[in-house]
Structures are given as structure tokens and as C-alpha cells.
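Asks: Pasting a structure here, questions to come.
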Amino acid sequence: MSSYLAVLIFIFAGTGIVLFTFFLARLLRPSNPYPAKTVNYECAEEPIGDSWVMFNPRFYIFALIFVIFDVEAVFLFPWAVAFGQLGLYALVEMVLFILILFFGLFYAWKKGALQWV
Amino acid sequence: MLEMIIISSVKVIVVVVAVLTCCAWSTWLERKVVAYMQHRMGPTLAGPFGLLQPIADALKLIFKEDLVPKSVEKVTFALAPIISFVPAILTFAVVPFAADFEFFGYQVTGIISDLNIGVLFVFAVTSLGIYGIVLAGWSSGSKYSLMGALRATAQMISYEVGYGLSIIGVILVANTLSMKELVEMQGSDSIWFFQNWFVFKQPLGFLLFLTCAVAETNRCPFDMAEAESELVAGYHTEYSSMRFSMFFISEYANMLAVSAVGATLFFGGWQGPLLPSVLWLLLKMFLFMFFYIWLRGTLPRFRYDQLMNFGWKVLFPLALLNTMITAAFVMID
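Right, dumping it as C-alpha cells:
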């Protein structure tokens, strides 16, 4: 547990430094906002409409594919650590697992899910 | 217990300050190296060889007005720089920076926290950095920022899979996730001090790691998220003053972190003859940094569809293949 305590200290130190510099900057910097300054930057044009615009649904598809294959990667980590003790059986099993996922990737590929138009 | 907390705190402060210093002078290195590649001089006015330029930049940024556009989501807008900065430097909590040494009679380990899942921790923390970018882009209320954040996210998650898979080969060979043990395994007393480095056992794994690392940190040629010419800096368009500089620092901290992980996993970390161990790690890290800058000075930007295709259709299958081949080789041994 004590090794995680050190990580916690690290997180506090990191956050502390950011907050300290923000505080310091607040003391030092000028503040003179007026309406023209606080408009969103769109290369000097007046922004039209809402900023949360519609975007390509492909982003969602890639997010889904990512979840599938990242979980696979997470499965591979414990297997890789214990591989020395597990022997041939583990190798065959994992090759089967990877092949199934390869097939999944191939399927997604053929279906055009990986195609960015 | 108290003694351990104090020693840890001192180490944390030293490492955090060292990382920030490295970040600052990495910006100088980048400007200087890119300048010479383009037959310019780069910064020359502040100090000898422009060495004080990072300090001048920091001073300038701290005196700048902090503009907050009226259409932002206030809370997330303020949190985003912190969320992107802290994970960026958090990697250094598990990177072994030196051999164990004695300091004023205390036995000190050369690592802040020797987690037995060190490598997994690194990847977990690297993924957290995405939240900073997404929140920044979404809360800015600007179209450029939203597009930049979306692109950055899609790119980072695409390359994250390959990034994680590329080092499974190393773990197969080493059978451990502890960064400290990984470094100790790569040491050698003979004159060929580099003979046990994992880069020689995992050449393909290393190339994959290197490519994915560049994409993970949104660096050129994968810097679609920032793309000055089309997205006006992407997710941090609306940030100014210190908040902007936090994003700037975290980009460099991310590069340094990835360099440190690469040096640790593939180039023996702090292991090396003659020089002190900290210097060896710094030397290896800055070779990686130089490589990053070199890429930026030479390569044009990828097109977005090329980038996604490359990640999913080339790097990912190659990483899987590398895993299987390595497993087979380990089996034969």
C-alpha cells in the first residue's frame, strides 16, 4: 500500500504546482475583459450559431472498436506476465483468442468500419 | 512510516521540478534544432545561445491577461488544464530514475514508487490525458476546439491499442510488469554493456512503440489535433496565459514521459557504464526527444484518413503478430 501512497503524494504535488502557478499568475496579470475580447475566436468573424456542432458519427464507431480491442490488450497483459509458468497450453489458447479477434478486425475492415471517408 | 513519507515527498519534489525543468529546456531544444534544420538561428537574444529563452517565455506568459470567452463551461474549462497536466507528469512516479543510492545516511531507492504493475500504471495514466483534451475542447464552446478535441481523441484511442500491444513482447520476454525489475534485467557488466537491452530482442516491438508513441503524444507527423493551419491550435484555441502554458507544458511532459518509458523498456533505463545512472537516463531520454524534433523538422503532416488507416490496418495487426511471434520464440527457448 505504501507504494501507492507515494503515487498519491505525486498527484498532490503535481496539482499543487498547477494551482500555485495559477495563483501566482492571478496576482501578476492584468485583467481587462471587454465584449469584443470575450467572443469565441473564429478568425475575426462573428461566430454563427451554437458551437456544439454536429460531427461525423465515425468517431463513435472508432470509439466502439477501440473498446473491444483495448479490452483484448488488457487480457494479454496478465497472460504475458505469467507466460513463463503457463507453458504450451496457454500459448495455444492465446493464439486462438488472438485469431478470433483478428477475424473480428478483418470483419470490421471488410464491413468498412475502419474506412474513414 | 513518517520517515518513508518524508523521503517520498522529497523525491517527488525533486523529480517534479526536474521534469518541469526538462520540459522548459526541451522547448528551447526544439526551437533551436528545428531552426538549424531550416537554416535559421533560432532564439539567440536571451542569454548565451538563447538558453534563457524558456524563462523569458514563462515570464511573458505569466504576465498575460487570462481571457475566458463568455460561452465556455466555466468549471470544466478551469479543470481541463489540470487534468491534462497531472497525468502527463504522473508517469514519472514509476520510472526508475537512478540506481539505489545512499543520501545522508538514508538508503534511498532510485524510483518514487516501485509498483508491481508499473507498466500497466503507465498506460492507464497515459490514457487519462485524453480527458484533459476532451474536456478542454468541449468546454471551450468553440468549433475549432471541438473538432480538435474529437480528432485528438479518435487518434489517441486508435494508437493506444497499438501502444499497449507493442510492449507485450517485452513483458513476454521479461515476465514482469515492475519497471524496476525490467531495468535491472537489462544490466550487464561486460564491455558490451548494451547486450541485454530489450531493443535487440524486440526490434519490431520497438519500432511499433516508437510510432505509436509519436501518435499518442499528438506530435508531428501525427499532429492533426493541433494543425495550426486549419484548426488554429485545436483544443486549446480559447486558452490563454498560464492555462495555455499548462497545455503546452503537458505536451512536452508527455513527450518526456514517453521517452522515459521507451528508454526504460527498450534501452536499459539508467543502466550504463562510467557516467552516473541519472545522466544515462537523461541521455537516453533526450535522444528520444531529439528524434521527435527531427521528425517535426523533416516530415509533413498525415492526412486524417491515412492516419486512422495506418493505425488500424498496419500498426495494430503488426503488433498482434509481434505478440504471437514473441510468444512462440519464448516457448522454444
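Heads up: the sequence lines are chains A and B, in that order.
Those letters in the first sequence? Residues 297 to 413, per our numbering, in order.
Those letters in the second sequence? Residues 3 to 335, per our numbering, in order.
Idealized CB from N, CA, C, for every residue including glycine.
Note that the structure is a prediction, hence the values are computed from the model and not measured.
Using a Cβ cut-off of 8 Å (strictly closer), state whether MET390/A contacts chain B.
Replies: yes
Asks: Do the CB positions of PHE224/B and VAL216/B come within less than 8 Å of each other?
Replies: yes
Asks: DSSP state of GLN188/B, grouped into three classes?
Replies: coil
Asks: In or out: GLN197/B buried (at least 16 other Cβ within 10 Å) or exposed?
Replies: exposed
Asks: Does any CB atom of chain A fall closer than 8 Å to the CB of PRO319/B?
Replies: yes
Asks: Give the DSSP-derived three-state secondary structure of PHE196/B in the structure shown.
Replies: DSSP places PHE196/B in coil when its eight states are reduced to three.
Asks: Which chain B residues sit within Cβ distance under 8 Å of GLY310/A?
Replies: VAL18, PHE87, VAL88, ILE91, LEU92
Asks: Which ranges does the beta strand (DSSP E) cover as unbroken runs of at least 3 residues, wholly within the stretch 32-96 of chain B, from first to last along the chain?
Replies: none
Asks: Taking the alpha helix (DSSP H) that GLN109/B belongs to, which residues open and close that run?
Replies: No alpha helix (DSSP H) holds GLN109/B; the beta strand (DSSP E) holding it covers 108-110.
Asks: Who are the near neighbours of ILE170/B in its chain, counting only those whose CB is closer than 7 Å to its CB and skipping five residues on each side?
Replies: THR325
Asks: Answer yes or no: do PRO275/B and PHE195/B have a C-beta to C-beta separation smaller than 8 Å?
Replies: yes
Asks: In angstroms, rounded to a whole number, what distance separates the CA positions of PHE358/A and TYR306/B?
Replies: Cα to Cα, PHE358/A sits roughly 13 Å from TYR306/B.
Asks: Measure the C-alpha to C-alpha separation of MET187/B and ALA176/B and round it to an integer number of angstroms.
Replies: Going by the C-alpha atoms only, they are around 8 Å apart.
Asks: Compare the C-alpha of THR328/B against each of SER73/B, LEU309/B, ASN256/B, LEU167/B and name the closest.
Replies: The shortest Cα separation from THR328/B among SER73/B, LEU309/B, ASN256/B, LEU167/B belongs to LEU167/B.
Asks: Can you pull the DSSP bridge partners for PHE103/B?
Replies: VAL110/B
Asks: By Cβ distance, which residues of its chain are closer than 7 Å to PRO302/B, with the 5 residues on each side in sequence left out?
Replies: PRO223
Asks: What span of residues does the alpha helix (DSSP H) with CYS339/A cover, start to end?
Replies: Premise fails: CYS339/A is in no alpha helix (DSSP H) and is neither H nor E.
Asks: Using a cut-off of 8 Å between C-beta atoms, extract the partners of PRO353/A located in chain B.
Replies: Here the premise fails: no neighbours, minimum Cβ distance about 11 Å.
Asks: So what does DSSP say about GLU368/A, is it helix, strand or coil?
Replies: Residue state, collapsed to three classes: helix.
Asks: Check the Cβ-Cβ distances between TYR403/A and every residue of chain B, and say whether any is below 8 Å.
Replies: no
Asks: On the three-state DSSP scale, how would you describe TRP375/A?
Replies: helix
Asks: Would you list, in sequence order, the uninterrupted alpha helix (DSSP H) runs of no fewer than 4 residues that lie entirely inside the stretch 105-163 of chain B?
Replies: 120-141
Asks: May I ask which residues mark the beginning and end of the alpha helix (DSSP H) holding ILE251/B?
Replies: 243-268
Asks: Report the neighbours of LYS333/A on chain B: residues whose CB is nearer than 9 Å to its CB, in chain order.
Replies: Correct list: GLU67, LEU69, PRO71.
Asks: Measure the alpha-carbon distance for THR128/B versus SER86/B and round it to whole angstroms.
Replies: 10 Å
Asks: Should ASN336/A and PRO83/B be called a contact, given that it needs their Cβ atoms to be closer than 8 Å?
Replies: no
Asks: For the alpha helix (DSSP H) that contains GLU218/B, what are its first and last residues?
Replies: From DSSP, the alpha helix (DSSP H) with GLU218/B extends over 205-218.
Asks: Is DSSP giving PHE304/B helix, strand or coil here?
Replies: coil
Asks: Consult DSSP for THR23/B and reduce its assignment to one of helix, strand or coil.
Replies: Looking at THR23/B - three-state DSSP - the assignment turns out to be helix.
Asks: Do THR178/B and VAL377/A have their C-beta atoms closer together than 8 Å?
Replies: yes
Asks: Between ALA259/B and the rest of its own chain, which residues show a CB-CB distance below 6 Å, the 5 nearest in sequence each way excluded?
Replies: THR93
Asks: For VAL316/B, which of helix, strand or coil comes out of DSSP?
Replies: helix
Asks: Residues in its own chain within less than 6 Å of VAL263/B by CB, not counting five upstream and five downstream?
Replies: VAL124
Asks: For the stretch 114-141 of chain B, which residues have a beta carbon sitting closer than 7 Å to at least one beta carbon of chain A?
Replies: ILE114, SER115, ASP116, LEU117, LEU122
Asks: Would you give the residue range spanned by the alpha helix (DSSP H) that ILE169/B belongs to?
Replies: That residue, ILE169/B, is in no alpha helix (DSSP H); it is neither H nor E in DSSP.
Asks: 8 Å is my cut-off, CB to CB: does ASP307/B come that close to chain A?
Replies: yes
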